[in-house]
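Okay, so the sequence shown: first residue is 1 according to full-length UniProt numbering, each after it adds one.
Quick notes on the structure that follows.
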Amino acid sequence: MYNIAIVGATGNVGRKILSILEERNFPIKNLYLFASKRSAGKKINFKGVEYVVEETCEENIKSKDLDFALFSAGGDTSLEFAPIFAKNGAVVIDNSSAWRMDPKVPLVVPEVNPEDIKWNNGIIANPNCSTIQAMPVLKAIHDKYGLKRVVYSTYQAVSGAGMQAIQDLEDGMKGIAPKKFPKPIVGNVLPHIDVFLENGYTKEEMKMINETRKILHLDDLKVTATTVRVPVLNSHSESINVELLNSFELEDVVKVLEAAPGVVVYDDVDNLKYPTPLEASDKDDVFVGRIRRDFSIDNGLNLWVVADNIRKGAALNAVQIAELMIKGK
Ligand SMILES: NC(=O)c1ccc[n+]([C@@H]2O[C@H](COP(=O)([O-])OP(=O)(O)OC[C@H]3O[C@@H](n4cnc5c(N)ncnc54)[C@H](OP(=O)(O)O)[C@@H]3O)[C@@H](O)[C@H]2O)c1
């Protein structure tokens, strides 16, 4: 049995972590809930017991004997407090982007690179939601055919941008101006996720590019991305165009994907079987459909990949990392 802290327990991802810990009957001895000062004293129910939320501060961390700290409280909170939890003996599993590209921090999708948890120094990073769902699919294809180039185009749900973003979607339907998004999200699509960088990409796009290379251990893989926010409540969709090093038969690609852990092939257009955000929400798996040859290049493949961004894209992946750690102990 383990002592667990959830940092950001009042947020979207934090609450989902709690429900997944309950669903999977995670072996918890003591549970501690942390958030900002604003939420200190709030009560959250877990398995019929009320837990009081504590402010995330050094004093409250040091008074606990912790095995795991699951963070989903934004990058600044992770930068400041993850090292304090780690120094205090906990393994931190962090959902923010703060530590992902640190060479001393493994970036892990359990179905893809479980071996990387072994070299952690007290912090393990959970990849970006849009990267996570592509990984089990691309890993299976890479192992069989070799990846030469990947082109991502995403259609990302508002839930990936936190509670205020969900409020913007609800408010937008009543004609109220958005607070989180720079332009209305209702009746619109925004090719703008996270901040714009000097190279013309958004930070979200660069996360997808860099994290893909790190997780697959393919430092030179050619990857590009366009990430787009759409007025969908939950679950991200992605068009993934890949160029492979080796030739393939389409039916073999389908078999490879059917055998991939965490992946469900949902592809029968005659019977309207292609994944959509509504169908993928509240499911653990990554769904792939519209599997077809890209006739414009040699060894080209088009895929449509949909997954619940709060579940597999964040909370579930973090809990699976903790389960992997327990298995290895
Ligand atoms: N893996 C992924 O790709 C993925 C997917 C979605 C989200 N995320 C990440 O997960 C994090 C949370 O996302 P979310 O959607 O759950 O956001 P959210 O619903 O807005 O919740 C934010 C949480 O962070 C807490 N928090 C804010 N400032 C804090 C501080 N100074 N100290 C301690 N806690 C603080 C909030 O507590 P209060 O209630 O007290 O304000 C709340 O619990 C973000 O870093 C986001 O980037 C990652």
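Using N, Cα and C, we set each Cβ at its ideal position, and we do this for glycine too.
Classification of residue i by the beta-carbon crowding that lies within 10 angstroms, buried from 16 upward
i, result
"Lys-139", "buried"
"Asp-308", "buried"
"residue 359", "Residue 359 cannot be examined here, being either before or after the span of the chain that is shown, 1 to 329."
"residue 399", "Given that the chain is displayed from residue 1 to residue 329, the structure contains no residue 399 and the question cannot be resolved."
"Glu-58", "exposed"
"Glu-251", "exposed"
"Asp-298", "exposed"
"His-217", "exposed"
"Ser-19", "exposed"
Collapsed DSSP secondary structure at residue i in the structure displayed
i, result
"His-142", "helix"
"Thr-202", "strand"
"Val-92", "strand"
"Glu-279", "helix"
"Leu-221", "coil"
"Ile-166", "helix"
"Ile-132", "helix"
"Ala-259", "helix"
"Gly-300", "strand"
"Asn-25", "coil"
"Leu-18", "helix"
"Tyr-98", "Checking the sequence shown, residue 98 turns out to be Ala, not Tyr. Residue state, collapsed to three classes: coil."
"Leu-233", "coil"
"Lys-183", "coil"
"Glu-249", "coil"
"Lys-174", "coil"
Residue range of the beta strand (DSSP E) that includes residue i
i, result
"Asp-294", "286 to 294"
"Ser-237", "236 to 244"
"Lys-43", "43 to 46"
"Asn-3", "2 to 7"
"Ile-124", "123 to 125"
"Phe-71", "68 to 71"
"Val-158", "No beta strand (DSSP E) contains Val-158, which DSSP labels as neither H nor E."
"Glu-50", "49 to 52"
Closer than 7 Å: residue i CB and nearest ligand 1 heavy atom
i, result
"Ile-310", "yes"
"Phe-181", "no"
"Asn-113", "no"
"Gly-14", "yes"
"Ser-281", "no"
"Asn-199", "no"
"Cys-134", "The question names Cys, but residue 134 in the sequence shown is Ala. No - ligand 1 has no heavy atom lying nearer than 7 Å to the Cβ of Ala-134."
"Ser-72", "yes"
"Thr-77", "yes"
"Gly-187", "no"
"Arg-290", "no"
"Met-163", "yes"
"Arg-38", "yes"
"Gly-160", "yes"
"Val-286", "no"
"Gly-8", "yes"
Extent of the continuous alpha helix (DSSP H) run through residue i
i, result
"Phe-85", "75 to 87"
"Ser-153", "Looking at the DSSP string, Ser-153 is not in any alpha helix (DSSP H); the run it does join, the beta strand (DSSP E), is 147 to 155."
"Asn-317", "316 to 328"
"Glu-58", "58 to 62"
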